[in-house]
Structure formats: structure tokens, C-alpha cells
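Trainee: Line by line, the protein sequences give chains A and B. For what it's worth, my numbering labels the leading residue of the first sequence as 1, then goes sequentially. For what it's worth, my numbering labels the leading residue of the second sequence as 321, then goes sequentially. Glycine included, each C-beta is placed from N, C-alpha and C at the ideal position.
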Amino acid sequence: MTVHAIEATAISKKFGNLLALSDVNFSVADGETFGFLGPNGAGKTTTIRILTGITAPTAGTATIFGHDIVRETIAARRQMGIVHEISNVYDDLSAWHNILFASELYNVPRSAGERRGKELLELFGLWERKDDRVKVFSKGMKRRLTLAMGLVNDPRLLFLDEPTSGLDVQSNLIIRDVIRELTGQGVTVFLTTHNIEEANLICDRVAIINRGQIAAIDSPERLKKTIQSVQSVEVAFDPSSPKLLEHLRELPLVSEVRKEGDKFRLITEDPSGVIENVTTYAREHHTRIISMTTIGPSLEDVFIRLTGLMIRVKGVKAID
Amino acid sequence: MTDLNESCGQLCRELKAAWAIAKKDIRIYYLKPNIIVSGMLFPLFMFLAFAIGRDAPPTMLVPGLIAITILFSASSIEPVSIPIERRTKTFDRLLSAPVSLHSVVLGESMSGFLYSTGIALVPLSAGIILFSTPIVQPLALIGGVLLTSFCFATMGTLFAAYPTESPGDIMSMLNLVRLPLIFVSGVFIPVNALPQIGQIAVLFSPLTYGNDLIRAGFEGTTHFNPLMDVLAICVFILLFQVAANHLYRKFNE
Chain A
1 MTVHAIEATA ISKKFGNLLA LSDVNFSVAD GETFGFLGPN GAGKTTTIRI
51 LTGITAPTAG TATIFGHDIV RETIAARRQM GIVHEISNVY DDLSAWHNIL
101 FASELYNVPR SAGERRGKEL LELFGLWERK DDRVKVFSKG MKRRLTLAMG
151 LVNDPRLLFL DEPTSGLDVQ SNLIIRDVIR ELTGQGVTVF LTTHNIEEAN
201 LICDRVAIIN RGQIAAIDSP ERLKKTIQSV QSVEVAFDPS SPKLLEHLRE
251 LPLVSEVRKE GDKFRLITED PSGVIENVTT YAREHHTRII SMTTIGPSLE
301 DVFIRLTGLM IRVKGVKAID
Chain B
321 MTDLNESCGQ LCRELKAAWA IAKKDIRIYY LKPNIIVSGM LFPLFMFLAF
371 AIGRDAPPTM LVPGLIAITI LFSASSIEPV SIPIERRTKT FDRLLSAPVS
421 LHSVVLGESM SGFLYSTGIA LVPLSAGIIL FSTPIVQPLA LIGGVLLTSF
471 CFATMGTLFA AYPTESPGDI MSMLNLVRLP LIFVSGVFIP VNALPQIGQI
521 AVLFSPLTYG NDLIRAGFEG TTHFNPLMDV LAICVFILLF QVAANHLYRK
571 FNE
């Protein structure tokens, strides 16, 4: 029988009368990189807190490599590393003392903890600053240290809660490289993120959770195929003007127009028809088309469709 | 045999983790200004308020000063450290580590215990050096200091279970208990001199038994049987530990 890295069965969680999670089922295979996407308040953090044994489910079970997280909490936790959403490092300790503390907490022998700590601080570009108190670190450096602390016990399963949220480019690149390296080594990664493109690039499969329920689970490419109707044409004009947005919305076959930087994205079920209409429009209005590209549905489109949300210029509007 | 080895291994891992938590607290919190104020200065001023103008011998005053120093210093670390760690989310790091909640509670209490034991040496040394106060039963004194320190450190951890991110919230609740304890524990007013209701109340205060043992170290006599003192403090430690474990679990839900 295959033992999954994570097996969540019919998990529900209630806080008073609020049902935060309802009958959540999914499994993550050993060595898989699994993305967990959802809008704020959808239940992502509650799911992670249950899977890491911080809080117990109201109903249902979860196992980590076969260990029940409620009944065999410690055995299950020994398999995992956790990188929380907030960089929860000790500001008054040095980077070195932070990492040694994490290794002691996970019962890594002293010499192995020091060796692993040095490797990780070097890997994350923090070795030169190991004796500095963390309070003087930048946000990116703290994030990298948090990730290093999560890896000090060489976990088989790594929980990453928004690992690259709001980080500088350098920290982002380092963290993504490390995640790729870990997945290459066979470490199972459970990733929650708001960055849908990141999930698209890194994850073998993603689950989309909305209002405490799983809306879809599949590989990013398969999920995109489920909404082939959301095609689009991306076009840039010279000269560009704000009035173009209104004019393009009135074109036949166009269901929606988004201004994205200096380009316009026209959502349609018939890209070739829209290309013809845009070309005609440009000729009649004496404007030049700089570029025009057809684009298939993105994972973000899937996310928007399944969570029923669409970000407008002002506020949030439901599309379903 | 394998089960026994596994159990011993797990116990060893739990104790190491508890010690790691205590060391972390020692490095971070011992010199925080609010801990110095509530752990050192507060008991000193409380003592002076009672001692100045009273014609009491040092053998009467020094044990009282040691007892209230322990009460305030031992219970001051966790009510500051745990809310701060809730705010910075570092407490989640402890709650998600591969150790039991008992070890987290124990580790937190150990830092208060060590802090208080160290601080208690100050009035003890002052008593010996400045007032030439004799120690007649060293074992009772050492036992009293150690047990009372651990008892109030665990009490501090218990109060810190209240799910707030503000140390002030917990300190306020804690002072509602700590301040009355001084008056119903025989610290400055002997148990025999208390009114009837006071003599009943002292039985429910852990400070009574700690103070009794510490006082025995200087005076050689105790109000209760010393074994009863030890047993009573151990019962309070157990109660605080179990209650703390229960509350951390409950509030974490």
C-alpha cells in the first residue's frame, strides 16, 4: 500500500458557529510539490495548522507519512519542516543562535546541527551575517533565515506558507532555487501562495480552496484546459489612449477588457474573430497595432473562475 | 525492551527541547526592562514599604524578602515572553515542534525558575553579609528556595496561557493574585497572628508553604510540618502544570 506524504480525509473545522473547513479531502504523494491556493479567509492557514498538529480538526483525519496528526503528533512532526507565513525568527538572537535553537528543538545532535546550520546559512547567503542580531536583518533576510530554520532537520515534508510574499528579487530567486533543489532531492513540498504564477511554475498539482471547500485539484495544465472558453487577445496600440478601453469594450465578441500596463487584454471565446475586429478598428481609427498575441487561459483565470472573484479597478466583483 | 528504549529516548528528547526553550528565554528575556522592574524592583519596594519603620529583627524580615522576591521574579518571565512570542508568531514555532505541550510548559517554567533562583541569592546574600543573619537549616532553605521558585514559575506559565499578545493584560491578572498572597501567607504577618479567616486562607496559598520552609532555614522552626510544606508545594506545581497544559491546548483550538 502506498503511504502518502499527506492524506487529509473529510476534514472539517468549526470556530464557534463559523465553519472554516468543510469536508476537505486530498492527498499528496511522496516527493510531490503541491500548491494550495485560495483567497484570504478561504481556509489555507487553518488547513496548515491542522496538518502540522497546531490545532485539531472538528471532524475528519489527517496523516503525515501514515502517522495520524492528532494521535501520533510527535512522530508526524518529526517528518516535517514548517515555514510559517510570518517570518517567526527571534529578533534578539543572532542568526546562528536562531538556527541552533531550531536544531535543538528538533533534536538534531549538536555537531550535526552546527554542520547543517552552516550549510544552510551559506546556501541562503547569510553566513557572513551569522553573528548579527536578526533585528537588523531586512525582510528578505529574515524570510531566508526562516526557511533555513525549517530545513535544519532535513525534513521529508516541507510546509511553506506564502514563502515569497512581498520579498525582494534576490530573496525570491534564492528561495525558488532552493525549493526546486529540494523537490529535485525528493522532498515533498506543501506550498500555499497568493502568487499563482509561482504555483504554476513550481507545483506538480494544485488545490484551489474557497470558503472552506476544495473547488478543484489537478495539475496546472489540466486545470487550465477546464476553462478553454477563457481565451484572450493581448494587443498594444500606438498611440495609446485611455479612451481605447471604452472603445474596445464595445467591439463584438469581446466579453471583457483589462488594461495591463501599456497593453489591453480582450477576453473572448473567439480569438480569431476578435483579431479581425481589432484590425478593422485600428484601420478605421488610424491607430497602429504594435503587437497582438493570442493567450490561452492562465492558472490565474482558473483561480478567478473557481473562486468566483474578479479584481476590478475598484473593489471586488463576483462574476458567477 | 524496545518500547522502554523508545520511551527513554522520547523522554530525553523532551527534556532537551525543554532546556533549549529555557536557554532561548534566558538569552532573550532576562535583561528586558519590564522583567527587571517586575522581577527585582517591585519586590524590593514592597519589602521596604513593609520593613521601614517596623522594629522587626532581620531573621523575621530576610525570609519574607526572599519569599516575595521569588514570588515576583519567578512569575515574571513567561507573562512577558509568551505574549510577545504570540505577537511575533515565534510561539507557533514551539507549538509545531516535535515535542509535547508538557515540555513547552516545562521549558518556559524552567527559565522563570532559574531566573528566580539567581535573583533570590541577592536578598539571601544581603541577609548574611549585611545583617549577619544565621542559617540554621540550610537544607530547608535550599529546598524552600528551589521548590518555591519552580512553583511560581509554573504559575507564571499558567497565567501566560491566556490568549493575549499584550504582557500588560497578563501582569494585571497576575497581580490580582500575587498581591493578596503576600498578606495571607505569613510573609510579613505571622500565620498565628492572622484572623480566623486568614488562617484558613493561608492553606490555599503556595507562598505559605514556601515561606514556611525558607523561614525554617533561618529560624529553625516551621508552622507546618516541613514534609507537609514540601508535599503542598509539589501538589501546587502539579496542579499548575496540568492546568497550564490544559489551557494552552484549549486556547489553541
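For the region 229-238 of chain A against the region 251-271 of chain A, do three or more pairs of beta-carbon atoms, one drawn from each stretch, fall closer than 8 Å, so that the two count as touching?
Mentor: Contact holds: three or more Cβ-Cβ distances are below 8 Å.
Trainee: How is the beta strand (DSSP E) around A:Ala236 delimited, first residue to last?
Mentor: 231-238
Trainee: Taking only beta-carbon positions, decide if A:Asn107 is within less than 8 Å of chain B.
Mentor: yes
Trainee: Buried or exposed for A:Ile290, going by 16 or more other Cβ atoms inside 10 Å?
Mentor: exposed
Trainee: Is the CB-CB distance between B:Gly359 and B:Val507 below 8 Å?
Mentor: Not a contact, by the Cβ cut-off of 8 Å.
Trainee: Mind checking B:Pro515: buried by the 16 CB within 10 Å criterion, or exposed?
Mentor: exposed
Trainee: At the 8 Å Cβ level, is A:Val187 part of the contact set with chain B, yes or no?
Mentor: no
Trainee: Ordered along the chain, which non-local residues of its own chain (more than five positions away) have a Cβ less than 7 Å from that of A:Asn277?
Mentor: Leu251, Pro252, Leu253
Trainee: Please determine, among A:Val178, A:Gln170, A:Val169, A:Asp168, the residue with the shortest C-alpha to C-alpha distance to A:Leu160.
Mentor: A:Val178
Trainee: What is the rounded straight-line gap between the Cα of B:Thr410 and the Cα of A:Glu256?
Mentor: Computed Cα separation, rounded: 45 Å.
Trainee: Mind checking if B:Glu428 is an interface residue toward chain A, Cβ cutoff 8 Å exclusive?
Mentor: no
Trainee: How would you list, in chain order, the residues of chain A whose beta-carbon sits under 8 Å from the beta-carbon of B:Leu501?
Mentor: What B:Leu501 touches in chain A: nothing, since even the nearest Cβ is about 31 Å away.
Trainee: Using a Cβ-Cβ cutoff of less than 7 Å, which residues in the same chain neighbour A:Glu85 once the five nearest sequence positions on both sides are dropped?
Mentor: Excluding sequence neighbours, A:Glu85 sits near Thr45, Asp161, Glu162.
Trainee: Name, in chain order, the residues that DSSP records as bridge partners for A:Thr9.
Mentor: Note: A:Thr9 is bridge-paired with A:Thr61 in the DSSP secondary-structure output.
Trainee: Among B:Ala338, B:Pro377, B:Asn354, whose alpha-carbon lies nearest the alpha-carbon of B:Phe433?
Mentor: B:Ala338
Trainee: Please report the straight-line C-alpha distance between A:Pro155 and A:His4, rounded to a whole angstrom.
Mentor: 15 Å
Trainee: Smallest Cα separation from A:Leu299: which of A:Ala20, A:Lys224, A:Ile209, A:His97?
Mentor: A:Lys224
Trainee: Kindly say whether A:His4, judged by its beta-carbon, lies nearer than 8 Å to any beta-carbon of chain B.
Mentor: no
Trainee: Taking C-beta pairs closer than 7 Å, name the residues in chain B that A:Tyr281 reaches, listed in chain order.
Mentor: By Cβ distance, chain B contributes nothing, its closest Cβ being about 53 Å from A:Tyr281, past 7 Å.
Trainee: Check whether the Cβ atoms of A:Ile64 and A:Leu157 sit closer than 8 Å, and answer yes or no.
Mentor: yes
Trainee: When you compare only the Cα positions, how much space is there between A:Ile311 and A:Phe303?
Mentor: Low confidence applies here, because A:Ile311 scores a pLDDT of 43, under 50, leaving its location unreliable and the question unanswered by this model.
Trainee: Over the uninterrupted alpha helix (DSSP H) stretch that includes A:Glu122, give me the two end residues.
Mentor: 110-123 is the extent of the alpha helix (DSSP H) around A:Glu122.
Trainee: If you follow the beta strand (DSSP E) that B:Met475 is part of, which residue opens it and which one closes it?
Mentor: Where B:Met475 is concerned, there is no enclosing beta strand (DSSP E), although the alpha helix (DSSP H) it sits in stretches over 458-479.
Trainee: For chain A, is any of its Cβ atoms less than 8 Å away from the one on B:Ile348?
Mentor: Cβ-Cβ to chain A under 8 Å: yes for B:Ile348.
Trainee: Can you check whether the CB of B:Ala387 is closer than 8 Å to the CB of B:Asn565?
Mentor: no
Trainee: Which same chain residues end up closer than 7 Å to A:Ile99 when comparing Cβ atoms and leaving out the 5 residues on each side of it in sequence?
Mentor: Gly117, Leu120, Leu121, Ala148, Met149, Val152
Trainee: Quick one: grab the DSSP three-state call for B:Leu514.
Mentor: coil
Trainee: In chain order, what residues of the same chain lie with their CB nearer than 8 Å to the CB of B:Thr484, ignoring the 5 residues before and after it?
Mentor: Pro403, Arg406, Ile490
Trainee: Taking the beta strand (DSSP E) that B:Ser431 falls in, what are its first and last residues?
Mentor: That residue, B:Ser431, is in no beta strand (DSSP E); its alpha helix (DSSP H) goes 421-451.
Trainee: Could you give the distance in angstroms between the alpha-carbon of A:Ser138 and the alpha-carbon of A:Gly166?
Mentor: 12 Å
Trainee: Under a three-way DSSP split, which group does B:Asn325 fall into?
Mentor: Helix at B:Asn325.
Trainee: Below 8 Å on C-beta distance, what does B:Ala417 contact in chain A?
Mentor: Arg77, Leu105, Tyr106
Trainee: Sort B:Phe524, B:Leu414, B:Ala460, B:Phe538 by Cα distance to B:Leu547 and report the nearest one.
Mentor: B:Ala460
Trainee: What number of angstroms, rounded off, separates the C-alpha of B:Ile355 from the C-alpha of B:Glu428?
Mentor: It is roughly 15 Å from the alpha-carbon of B:Ile355 to the alpha-carbon of B:Glu428.
Trainee: Within 8 Å of any Cβ in chain A, is that where the Cβ of B:Asn572 sits?
Mentor: yes
Trainee: Can you tell me where the beta strand (DSSP E) with A:Phe101 in it begins and where it stops?
Mentor: First-last for A:Phe101: 95-105, but that is the alpha helix (DSSP H), not the beta strand (DSSP E).
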